[in-house]
Structure formats: structure tokens, C-alpha cells
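In what follows, a structure is listed as C-alpha cells, so that the remarks can point back to it.
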Amino acid sequence: MAGISNVIYQSIIRKNAVFLTTIFAGAFAFELSFDTFSNKVWDSWNAGRQWKDIKPRYLVKAEEEDDD
2 MAGISNVIYQ SIIRKNAVFL TTIFAGAFAF ELSFDTFSNK VWDSWNAGRQ
52 WKDIKPRYLV KAEEEDDD
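Heads up, the sequence shown is in the working numbering, so the first residue is 2 and it goes up one at a time.
If you want it as C-alpha cells, here you go:
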């Protein structure tokens, strides 16, 4: 266990710029993955009730009304 913590300290934590870059990169990657996961869950729970799902029905009605 001491070997792993020593490697982490020597490679990441020892230099402040590397430490901060690692934190920001990790936070950015976490945000992207969390947003992607959240959007997929939201879309699956609300399938058929969102504008992107019902838009074609309204566009077809509007085109039919224009033809009359």
C-alpha cells in the first residue's frame, strides 16, 4: 500500500500544476459522463413525451393544413 501512495504522490501530488490539472481534468470527465448518463436516463423515462419525439406528428399536420 505504501508503494501505491508513494507513486501517486511522486507523479501527481508533488507538483501543484500537475495536481490541479489532474483535478480539473477529472472533474471535466466526470461532468461529461454524468451529463450523458443523466440525459440517457431522462430520455428513457420520458420517451414519447418530449418535443423531439412528437415533433414529426405536428409537422405532418401543418403540411396537410397548408395543402388544403
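In this text, a Cβ means the ideal position worked out from N, Cα and C, and glycines have one as well.
Would you tell me roughly how many angstroms separate the C-alpha atoms of residue i and residue j, rounded to the nearest one?
i	j	result
V19	A48	43 angstroms
L57	S34	The sequence given here has Pro at residue 57, not Leu. Each residue's alpha carbon lies about 30 angstroms from the other.
F25	Q11	19 angstroms
R50	D67	26 angstroms
N7	I13	10 angstroms
K62	G27	47 angstroms
T22	A3	24 angstroms
V42	I5	36 angstroms
D44	E65	29 angstroms
My parser needs the alpha helix (DSSP H) runs of 4 or more residues fully inside the region 12 to 55; what are they? 17 to 46
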